[in-house]
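For reference, the structure is listed below as structure tokens.
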DNA sequence: TGTTCAATGTCGCAA
DNA sequence: TTGCGACGTTGAACA
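Chains as they are written, first to last, in our numbering: chain A, 1 to 231; chain B, 1001 to 1231.
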């Protein structure tokens, strides 16, 4: 990994065109040739970048550029597309290289899969007397997150999202249409469960007779006695 | 901006829990206190990070950690939520600070808004005799990108995407359903316009009687005589 | 300030 | 390889 702090411009052309005027920025060149251009603020997203696979070529500026004070030109060309990032360096304030080695990678815990597991364990959140049929109930158009039976013998199909958006309601609607054709299951009622349900999604769901269930992750986890912590 | 290359672990807790085992990585501390943890590969997304507003606190490790070789502990606490990133530094290979100043920011060209503007100006790309009604035509479920009239007096609703995916066809379908209830507009025909239309999206659109229009950005721009070049 | 929607989205999984 | 959905999405425009 090479770290360069330099006064520079950067121009990307590819899926769109984007240009950075002259200013001092951090340039990170990773071992795979990818390049990040970072300002001293903003979030983790670089101002400009080139993703691997790509190759960095360093060249001397033409006369015109040199007359403007350009010391060096970096051309970062994507290997498969015609995406290209060109960095003009005017003044280099810092330049160092470092051997980092391969990273062992990230360990994660706690998203949609976990919500599904917790709701399956606490299926009576759907209402008293409900029973789990199975998680990931397979259908021709994809698996339904949770299938359950209500006390009246009807079926309940649950779609789980971390954030309940209109797309999720559409998805559940497609499942319900399909499931209700099966005489062994019908009538199938829908429940849209999420940590947060957007107003538009709630309106659409209600309009279609689909129930909404807001999941409190902390509460679900609190009830979950098995101390299934990863670290 | 402070650049540190160090052997470290990093643990995030907040919306999820994520842990990075000990390895050598780049730590970037920006002027606003935000922190990025980068490996020497992957894309522009850091392995772990903390977004502003947040504060970085450096402390000495407790005895237990110190016995394991931890030299220093960084605690990065988000200002508004309880998100937290803890970095344990075992060995510091590089440490430097740099004054970058404020960045003038990115100039972009060729995004969806621009495509919409160009198509509105060249509305006859929909066919001879078409006339623009308006851009961002408001409906109860959101604005339609472009509404136009065809020579026969029918209405055309256009959904524009940079990349035409199945979602965009679903969106346009919802608009069409709604617009066709309006006797002043009906019949309303749909056109799905994008720089690139995915095969599945095209199939779905065609199946629903929605037309597909591939937008050639360079050509649209070439016809645009106003020399509105950004750089 | 909150909501909505695009993004050079990126990332991971499965068919 | 492509499709599909989640993401600690981020970011910007708009109400």
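Built from N, CA and C at the ideal position, the CB exists for glycine as well.
Being a predicted model, the structure only gives us computed values, none of them experimental.
Own chain residues within Cβ distance below 7 Å of residue 232 of chain A, not counting five before or after: The requested residue 232 of chain A is not part of the displayed model; chain A covers only 1 to 231.
Residue environment, residue 1025 of chain B, which counts as buried when at least 16 other CB atoms sit within 10 Å: In the second chain, the residue the question calls residue 1025 of chain B occupies position 25. Counting C-beta atoms within 10 angstroms of its own C-beta, residue 1025 of chain B has 16 or more neighbours from the protein chains shown and is therefore classed as buried.
Buried versus exposed call for residue 80 of chain A [16 or more other C-beta atoms within 10 Å across all chains shown]: For this step, residue 80 of chain A is matched to residue 80 along the first chain. That one is exposed.
Where residue 1228 of chain B falls: helix, strand or coil (DSSP): In the second chain, residue 1228 of chain B corresponds to position 228, counting from 1. Caution is warranted here: a pLDDT of 45 is assigned to residue 1228 of chain B, below 50, making its placement in the model unreliable, and the coordinate value is therefore given only provisionally. It is coil, neither helix nor strand.
Among B:1190, B:1036, B:1218, nearest to residue 1002 of chain B - alpha-carbon criterion: Taking the first residue of the second chain as 1, we reach residue 1002 of chain B at position 2. Nearest of B:1190, B:1036, B:1218 to residue 1002 of chain B, Cα basis: B:1036.
Burial state of residue 1128 of chain B (16 or more Cβ within 10 Å): Your numbering for residue 1128 of chain B matches position 128 in the second chain. With fewer than 16 Cβ atoms within 10 Å of its Cβ, residue 1128 of chain B is classed as exposed.
Within chain A, the residues that residue 1108 of chain B reaches when beta carbons sit closer than 7 Å: The sequence position of residue 1108 of chain B within the second chain is 108, counting from 1. Near residue 1108 of chain B (Cβ distances below 7 Å), the residues of chain A are 16, 18.
Residue 1074 of chain B vs residue 1060 of chain B beta-carbon contact at 7 Å: Counting from 1 along the second chain, the entry for residue 1074 of chain B is found at position 74. Counting from 1 along the second chain, the entry for residue 1060 of chain B is found at position 60. Contact: no.
Neighbour-count burial assignment, residue 156 of chain A, 16 or more Cβ in a 10 Å radius: Taking the first chain and counting its residues from 1, one reaches residue 156 of chain A at position 156. A residue is called buried once 16 or more other Cβ atoms fall within 10 Å of its Cβ, and residue 156 of chain A is buried on that count.
Segment limits, alpha helix (DSSP H) that includes residue 166 of chain A: Walking along the first chain from the start, residue 166 of chain A turns up at place 166. 166-179 is the extent of the alpha helix (DSSP H) around residue 166 of chain A.
Contact between the segment 1003-1010 of chain B and the segment 15-23 of chain A (3+ Cβ pairs under 8 Å): No: fewer than three Cβ pairs fall under 8 Å.
For residue 63 of chain A, the first and last residue of its enclosing alpha helix (DSSP H): Residue mapping note: residue 63 of chain A aligns to position 63 of the first chain, counting from 1. Here the alpha helix (DSSP H) through residue 63 of chain A covers 63-67.
Alpha carbon of residue 1048 of chain B to alpha carbon of residue 1012 of chain B, nearest angstrom: Taking the second chain and counting its residues from 1, the one referred to as residue 1048 of chain B is at position 48. Taking the second chain and counting its residues from 1, the one referred to as residue 1012 of chain B is at position 12. So the two alpha carbons sit approximately 7 Å from each other.
First through last residue of the beta strand (DSSP E) which encompasses residue 1137 of chain B: The residue given as residue 1137 of chain B occupies position 137 in the second chain. Segment 1131-1137, the beta strand (DSSP E) holding residue 1137 of chain B.
Distance between residue 55 of chain A and residue 166 of chain A (C-alpha atoms, nearest Å): For the purposes of this step, residue 166 of chain A is taken as residue 166 along the first chain, with counting starting at 1. For the purposes of this step, residue 55 of chain A is taken as residue 55 along the first chain, with counting starting at 1. Distance between the alpha carbons of residue 166 of chain A and residue 55 of chain A: 41 Å.
Residue burial classification, residue 1203 of chain B (beta-carbon count within 10 angstroms, cutoff 16): Mapped onto the second chain, residue 1203 of chain B falls at position 203. Label assigned to residue 1203 of chain B: exposed.
Residue 84 of chain A (DSSP reduced to helix, strand or coil): In the first chain, the residue the question calls residue 84 of chain A occupies position 84. It is a strand residue.
Rounded distance between the beta-carbons of residue 1148 of chain B and residue 1171 of chain B, thought under 8 Å: Your numbering for residue 1171 of chain B matches position 171 in the second chain. Your numbering for residue 1148 of chain B matches position 148 in the second chain. Not really, about 18 Å apart at Cβ, beyond 8 Å.
Contact with chain B by residue 219 of chain A, beta-carbon distance below 7 Å: As a working note, residue 219 of chain A is residue 219 in the first chain. Output row for residue 219 of chain A: interface = no.
Beta-ladder partner(s) of residue 1059 of chain B, from DSSP: Taking the second chain and counting its residues from 1, one reaches residue 1059 of chain B at position 59. Answer is B:1073.
Minimum Cβ-Cβ distance from residue 32 of chain A to chain B less than 7 Å: Looking up residue 32 of chain A in the first chain gives position 32. Chain B, which has a Cβ nearer than 7 Å to the Cβ of residue 32 of chain A, makes this yes.
Cβ distance (whole Å) where residue 1135 of chain B is taken to contact residue 1146 of chain B below 8 Å: Counted from its first residue, the second chain places residue 1135 of chain B at position 135. Counted from its first residue, the second chain places residue 1146 of chain B at position 146. Contact check for residue 1135 of chain B and residue 1146 of chain B: beta-carbon distance about 6 Å, within the 8 Å limit, so the pair qualifies.
Three-state secondary structure (DSSP) of residue 123 of chain A: Within the first chain, the letter at position 123 stands for residue 123 of chain A. Residue 123 of chain A sits in a helix when the DSSP states are folded into three classes.
6 Å CB neighbourhood of residue 97 of chain A in its chain, flanking five on each side removed: As a position in the first chain, residue 97 of chain A is number 97, starting the count at 1. 2.
Extent of the continuous beta strand (DSSP E) to which residue 199 of chain A belongs: Taking the first residue of the first chain as 1, we reach residue 199 of chain A at position 199. Following the DSSP letters along the chain, one finds residue 199 of chain A in no beta strand (DSSP E) but inside the alpha helix (DSSP H) bounded by residues 199-207.
Coil, strand or helix - residue 99 of chain A by DSSP: Start at 1 with the first residue of the first chain, and residue 99 of chain A comes out as number 99. In this structure, residue 99 of chain A counts as coil in the three-state DSSP scheme.
For residue 1089 of chain B, the nearest candidate out of B:1021, B:1160, B:1101 (CA to CA): Mapped onto the second chain, residue 1089 of chain B falls at position 89. The shortest C-alpha separation from residue 1089 of chain B is found at B:1021.
C-beta atoms of residue 1197 of chain B and residue 1164 of chain B nearer than 7 Å: Residue mapping note: residue 1197 of chain B aligns to position 197 of the second chain, counting from 1. Residue mapping note: residue 1164 of chain B aligns to position 164 of the second chain, counting from 1. Cβ distance < 7 Å, so residue 1197 of chain B and residue 1164 of chain B count as in contact.
Between the CA atoms of residue 1076 of chain B and residue 1082 of chain B - distance to the nearest angstrom: Working through the second chain from its first residue, we reach residue 1082 of chain B at position 82. Working through the second chain from its first residue, we reach residue 1076 of chain B at position 76. Distance from the CA atom of residue 1082 of chain B to the CA atom of residue 1076 of chain B, rounded to whole angstroms, is 10 Å.
Under 9 Å from the C-beta of residue 24 of chain A: neighbouring residues of chain B: On the first chain, residue 24 of chain A is found 24 positions in, with the first residue counted as 1. Near residue 24 of chain A (Cβ distances below 9 Å), the residues of chain B are 1098, 1099, 1100, 1101, 1103.
Residue burial classification, residue 1189 of chain B (beta-carbon count within 10 angstroms, cutoff 16): As a position in the second chain, residue 1189 of chain B is number 189, starting the count at 1. Its Cβ being crowded by 16 or more others within 10 Å, residue 1189 of chain B is buried.
Helix, strand or coil at residue 1113 of chain B [DSSP, three-state]: For the purposes of this step, residue 1113 of chain B is taken as residue 113 along the second chain, with counting starting at 1. If DSSP states are grouped into helix, strand and coil, residue 1113 of chain B belongs with the helices.
Distance CB(residue 158 of chain A)-CB(residue 205 of chain A) smaller than 7 Å: Position 158 of the first chain, counting from 1, holds the residue named residue 158 of chain A. Position 205 of the first chain, counting from 1, holds the residue named residue 205 of chain A. No.
Residue 1150 of chain B beta carbon near the ligand SAM (any heavy atom closer than 6 Å): As presented, the structure is devoid of all ligands, the ligand SAM included, so that no description of it is given.
Endpoints, the alpha helix (DSSP H) within which residue 1218 of chain B is located: Along the second chain, read from residue 1 onward, the residue named residue 1218 of chain B stands at position 218. Residue range 1217-1223 is occupied by the alpha helix (DSSP H) that includes residue 1218 of chain B.
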